[in-house]
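Per the working numbering, residue 366 is the first one in the sequence shown, and the count goes up by one each step.
Virtual Cβ for every residue (Gly too), placed ideally from N, Cα, C.
Worksheet: one structure, shown below.
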Amino acid sequence: MKKIDLSKLSEQELQQKVVEFKGQMESLKLSHKMSPIENPMRIAKLRKTIARYCTELTKRQHAAA
(Lines of atoms letter the chains of each structure in order from A; the text may use other names.)
(Lines give C-alpha, C1' and ligand atoms only; values in the text may rest on other atoms or scores of the structure.)
Protein backbone atom coordinates (compact mmCIF):
# COMPACT_ATOMS: atom_id res chain seq x y z
CA MET A 366 0.00 0.00 0.00
CA LYS A 367 1.31 3.42 -0.89
CA LYS A 368 1.99 6.15 1.66
CA ILE A 369 -0.88 8.20 0.28
CA ASP A 370 -3.26 5.31 0.84
CA LEU A 371 -2.14 4.99 4.46
CA SER A 372 -3.02 8.60 5.15
CA LYS A 373 -6.57 8.01 3.93
CA LEU A 374 -7.24 5.22 6.44
CA SER A 375 -8.69 5.97 9.86
CA GLU A 376 -6.78 5.15 13.04
CA GLN A 377 -9.14 2.29 13.80
CA GLU A 378 -8.59 0.79 10.35
CA LEU A 379 -4.82 1.12 10.76
CA GLN A 380 -4.91 -0.64 14.13
CA GLN A 381 -7.11 -3.38 12.70
CA LYS A 382 -4.68 -3.92 9.82
CA VAL A 383 -1.70 -4.09 12.20
CA VAL A 384 -3.42 -6.81 14.23
CA GLU A 385 -4.29 -8.68 11.03
CA PHE A 386 -0.74 -8.44 9.69
CA LYS A 387 0.76 -9.56 13.00
CA GLY A 388 -1.46 -12.65 12.89
CA GLN A 389 -0.27 -13.39 9.36
CA MET A 390 3.32 -12.89 10.49
CA GLU A 391 2.94 -15.41 13.32
CA SER A 392 1.44 -18.03 11.01
CA LEU A 393 4.16 -17.45 8.39
CA LYS A 394 6.91 -17.79 10.99
CA LEU A 395 5.36 -20.96 12.37
CA SER A 396 4.95 -22.56 8.94
CA HIS A 397 8.51 -21.53 8.04
CA LYS A 398 9.84 -23.27 11.15
CA MET A 399 7.98 -26.48 10.29
CA SER A 400 9.06 -26.54 6.67
CA PRO A 401 10.64 -23.78 4.58
CA ILE A 402 8.09 -21.61 2.85
CA GLU A 403 8.38 -20.97 -0.87
CA ASN A 404 9.27 -17.28 -0.55
CA PRO A 405 10.85 -16.43 2.83
CA MET A 406 11.13 -12.76 1.81
CA ARG A 407 7.38 -12.52 2.46
CA ILE A 408 8.22 -12.46 6.17
CA ALA A 409 10.55 -9.48 5.73
CA LYS A 410 8.07 -7.62 3.52
CA LEU A 411 5.29 -8.21 6.03
CA ARG A 412 7.50 -6.99 8.89
CA LYS A 413 8.25 -3.79 6.96
CA THR A 414 4.56 -3.31 6.16
CA ILE A 415 3.71 -3.60 9.86
CA ALA A 416 6.39 -1.01 10.61
CA ARG A 417 4.90 1.39 8.04
CA TYR A 418 1.45 1.10 9.59
CA CYS A 419 2.82 1.54 13.12
CA THR A 420 4.81 4.58 12.01
CA GLU A 421 1.68 6.17 10.58
CA LEU A 422 -0.19 5.49 13.84
CA THR A 423 2.62 7.00 15.91
CA LYS A 424 2.79 10.04 13.65
CA ARG A 425 -0.93 10.65 14.11
CA GLN A 426 -0.73 10.23 17.89
CA HIS A 427 2.10 12.78 18.11
CA ALA A 428 0.21 15.19 15.88
CA ALA A 429 -2.89 14.93 18.09
CA ALA A 430 -0.90 15.61 21.28
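Hey, residue i and residue j: beta-carbon distance below 9 Å or not?
i	j	result
Gln389	Leu411	yes
Ile408	Leu393	yes
Glu376	Arg425	yes
In terms of residue numbering, what span does the alpha helix (DSSP H) encompassing residue i cover?
i	result
Leu393	376-399
Ala416	406-429
Taking 8 Å as the limit between beta carbons, can you name the residues of its chain near residue i, skipping five residues before and five after?
i	result
Tyr355	Outside the modelled stretch of the chain, which goes from 366 to 430, sits residue 355, for which no answer is possible.
Ile415	Val383, Phe386, Lys387, Met390
Pro405	His397
For residue i, collect the residues of the same chain with a Cβ closer than 7 Å to its Cβ; drop the 5 residues on either side in sequence, then sort them by chain order.
i	result
Ile402	Leu393, Ser396
What's the C-alpha gap between residue i and residue j?
i	j	result
Ala429	Lys398	41 Å
Lys373	Thr420	14 Å
Ser400	Lys413	23 Å
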